[in-house]
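For the sequence shown, position 50 matches number 38 in the numbering used here, and the numbering has no gaps at all. Even glycine gets a Cβ: it sits at the ideal position worked out from N, Cα and C. Have a look at the structure below before the remarks.
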Amino acid sequence: MVANEISVEAGRAEANYWRDLWTYRELFYFLAWRDVLVRYKQTVIGIAWALIRPFLTMVILTIVFNKVAKLDAPGTTPYPLMVYAAMLPWQFFATGMSEASTSLITNANMVSKVYCPRLIVPGGVIISSMVDLGVMFLLMGAMMIWYGYAPDWHILAVPVFLVLVFALAMGFGVGLSALNVKYRDFRYVVPFLIQFGVYISPVGFSTSNVPHQWRFLYSLNPLVGVIDGFRWALLRGETPIWWPGIASSLAVTLLSCAVGAWYFRRTERSFADVI
-11 MVANEISVEA GRAEANYWRD LWTYRELFYF LAWRDVLVRY KQTVIGIAWA LIRPFLTMVI
49 LTIVFNKVAK LDAPGTTPYP LMVYAAMLPW QFFATGMSEA STSLITNANM VSKVYCPRLI
109 VPGGVIISSM VDLGVMFLLM GAMMIWYGYA PDWHILAVPV FLVLVFALAM GFGVGLSALN
169 VKYRDFRYVV PFLIQFGVYI SPVGFSTSNV PHQWRFLYSL NPLVGVIDGF RWALLRGETP
229 IWWPGIASSL AVTLLSCAVG AWYFRRTERS FADVI
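What follows is the structure in C-alpha cells.
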C-alpha cells in the first residue's frame, strides 16, 4: 500500500490545504467517534441524554406556548410534534456550534504538536453531533406512532434541510472556534446565545404567528427557514413554508460558511502560538 503523501509547493498553500482535507478525511471519522465515546463515557444513562434534553425542552415549550399563550399548530398537527420537529435542527445546530466553538481549546495538544488542516477539528465535532440527531429522529418516529401521524412524500426533502443546518453549524462553529482561541471570553458568550436563540427562533411556535410585515426581517435568522423546512418535510406539508425565508436562510448560511472559513484560515497560523 502506498502511503498518502503531503507535498509542499511554493505558492500552492491554499490549494494544498483544501486537498489535505481530503487526504485526512479518515481523521474526521476518528475525531467524531472519539468525541461520541468521550461524551457518553461514565454517564449513568448514556446516549439517552440525547433524548432527555430535547424532550423536556419540547414539554416546556408546549406548555408555555400552547397551554399558556394559547397558540395552535397549523392543520391537524399535534402541537408537541410541531415543537419536536423544530427541536431536531435546533438541537443539532446548538450542540454542534457550542462544542465546535471550544474544540480547538480542548484539542490544544493536537493543534500545537501535530500537523493537519485544523479545520478538521471543529468539523469532526459537528459530525459527531449527527449521532445525537439520529437518536432524536428515533423519538420523532415513536411520537408519530403515538399520535397516529404518518409522514408522506414531503419527508424526502429532509436530507436537503439537513445539509443546510449542517452547513450553518459549520459556518458558525468554525468561526467561533477561531475566535475562542484568541478571545477566551467567547466560551461564556456562546451558551448565552444558545439560551437566547431558542426563544427568538420559531422552536416553540409556528412562523405563521409572526406578523406578515415582520416576516422577512424575522427570516434573517437563518434557523427560521431551516426549522420551517424540517416541519414542512416531516409534518406532511401542513405547516406553512415561506420560500423567501428559505432563500434567506440559504444566503445567510453561505455567508456564514464563507466568513467563518475565511477568518479561520486567516488566524490558523497563530493557533499553535496562542493556544
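Using a Cβ-Cβ cutoff of less than 7 Å, which residues in the same chain neighbour Phe16 once the five nearest sequence positions on both sides are dropped? Your numbering for residue 16 matches position 28 in the sequence shown. Taken in chain order, the residues that qualify are Ile108, Gly111, Gly112, Ile115.
Counting Cβ pairs, one atom from each stretch, are 3 or more of them under 8 Å apart for the segment 49 to 67 and the segment 182 to 196? In short, these stretches touch, since the Cβ pair count reaches three.
Spatially closest choice to Ala130 from Phe259, Ile48, Ile234, Leu69, by CA coordinates: Locating residue 130 in the sequence shown gives position 142, where the first residue counts as 1. Closest by alpha carbon: Leu69.
For Asn209, which three-state DSSP category applies? Locating residue 209 in the sequence shown gives position 221, where the first residue counts as 1. DSSP places Asn209 in coil when its eight states are reduced to three.
Distance, Cα to Cα, Pro62 vs Glu226? To locate residue 62, count along the sequence shown from 1; it is residue 74. To locate residue 226, count along the sequence shown from 1; it is residue 238. Linking Pro62 to Glu226 through their CA atoms gives a straight-line distance of about 6 Å.
Where Val214 and Lys170 are concerned, what is the direct C-alpha to C-alpha distance, given to the nearest angstrom? For the purposes of this step, residue 214 is taken as the residue at position 226 of the sequence shown. For the purposes of this step, residue 170 is taken as the residue at position 182 of the sequence shown. When the Cα atoms are used, Val214 and Lys170 turn out to be separated by approximately 30 Å.
Taking buried to mean at least 16 other C-beta atoms within 10 Å of its own C-beta, is Val212 buried or exposed? Here residue 212 refers to the residue found at position 224 when the sequence shown is read from its first residue. Burial of Val212 is indicated by the presence of at least 16 other C-beta atoms within 10 angstroms of its C-beta.
Is it buried or exposed, Phe184, if we count other Cβ atoms within 10 angstroms and call 16 or more buried? Residue mapping note: residue 184 aligns to position 196 of the sequence shown, counting from 1. By the neighbour-count rule (16 or more Cβ atoms within 10 Å), Phe184 is not buried but exposed.
Among Tyr206, Phe204, Leu205, Trp231, which has the Cα closest to the Cα of Gly217? What you label residue 217 is simply residue 229 of the sequence shown in a count that begins at 1. Of the listed residues, the one whose Cα sits closest to Gly217 is Trp231.
Cα separation between Met128 and Met158? The residue you call residue 128 lines up with position 140 of the sequence shown. The residue you call residue 158 lines up with position 170 of the sequence shown. Using only the alpha carbons, I get a separation of about 24 Å.
In the DSSP assignment, find the alpha helix (DSSP H) that holds Ala157 and state where it starts and stops. Walking along the sequence shown from the start, residue 157 turns up at place 169. Ala157 -> alpha helix (DSSP H) spans 146 to 170.
For the segment 7 to 77, list the alpha helix (DSSP H) runs that are entirely contained and at least 4 residues long, ordered along the chain. Listed in chain order, the complete alpha helix (DSSP H) runs (minimum 4 residues) inside the segment 7 to 77 are 13 to 28, 37 to 49.
Per DSSP, what kind of secondary structure is Cys104 in: helix, strand or coil? Numbered from 1 along the sequence shown, position 116 holds the residue referred to as residue 104. Note: Cys104 maps to coil in three-state DSSP.
Span separating the alpha-carbon of Ala249 from that of Phe259: For the purposes of this step, residue 249 is taken as residue 261 along the sequence shown, with counting starting at 1. For the purposes of this step, residue 259 is taken as residue 271 along the sequence shown, with counting starting at 1. C-alpha separation (whole angstroms): 15 Å.
Among Tyr176, Val99, Leu152, Lys101, which residue has its Cα nearest to the Cα of Leu76? Numbered from 1 along the sequence shown, position 88 holds the residue referred to as residue 76. Relative to the Cα of Leu76, the nearest Cα in the group Tyr176, Val99, Leu152, Lys101 belongs to Leu152.
Give me the Cα-Cα distance between Ala96 and Arg106, rounded to the nearest whole angstrom. Start at 1 with the first residue of the sequence shown, and residue 96 comes out as number 108. Start at 1 with the first residue of the sequence shown, and residue 106 comes out as number 118. If I take the Cα positions, the gap works out to 11 Å.
Rounded straight-line distance, which links the Cα of Phe80 to that of Leu150: As a working mapping, residue 150 is identified with position 162 in the sequence shown. As a working mapping, residue 80 is identified with position 92 in the sequence shown. Between Leu150 and Phe80, the C-alpha separation is close to 10 Å.
Ala145 vs Ala221 beta-carbon contact at 8 Å: Counting from 1 along the sequence shown, the entry for residue 145 is found at position 157. Counting from 1 along the sequence shown, the entry for residue 221 is found at position 233. Contact: yes.
Reducing DSSP to helix, strand and coil, say where Asp120 ends up. Locating residue 120 in the sequence shown gives position 132, where the first residue counts as 1. In the three-state DSSP reduction, Asp120 falls in the helix class (H, G or I).
Cα-Cα, which of Trp78, Ala246, Val47, Arg203 is closest to Pro228? Locating residue 228 in the sequence shown gives position 240, where the first residue counts as 1. Ranked by Cα distance from Pro228, the first of Trp78, Ala246, Val47, Arg203 is Arg203.
With DSSP run on the structure shown, which of helix, strand or coil describes Val193? Looking up residue 193 in the sequence shown gives position 205. Note that residue 193 is Phe in the sequence shown, not Val. Coil at Phe193, not helix or strand.
Under the three-state DSSP convention, the category Val198 falls into: Taking the first residue of the sequence shown as 1, we reach residue 198 at position 210. In the three-state DSSP reduction, Val198 falls in the coil class, being neither helix nor strand.
When the Cα of Pro66 is compared with those of Trp134, Ser189, Phe154, which residue comes out closest? Within the sequence shown, residue 66 is the residue found at index 78, counting from 1. It is Trp134.
Using C-beta distances below 8 Å, list every residue in its chain close to Met(-11), excluding the 5 sequence neighbours before and after it, in chain order. Along the sequence shown, read from residue 1 onward, the residue named residue -11 stands at position 1. For Met(-11), the predicted model reports a pLDDT of 40, less than 50, meaning its position is unreliable and no value from the coordinates is stated.
Put Tyr137 into one of helix, strand or coil per three-state DSSP. If you number the sequence shown from 1, residue 137 lands on position 149. Correct three-state label for Tyr137: coil.
Considering just the uninterrupted stretch of the alpha helix (DSSP H) at Pro179, what are its terminal residues? Here residue 179 is taken as the residue at index 191 of the sequence shown, counted from 1. Here the alpha helix (DSSP H) through Pro179 covers 174 to 188.
To the nearest angstrom, how far is it from the Cα of Trp10 to the Cα of Arg254? As a working note, residue 10 is residue 22 in the sequence shown. As a working note, residue 254 is residue 266 in the sequence shown. If I take the Cα positions, the gap works out to 20 Å.
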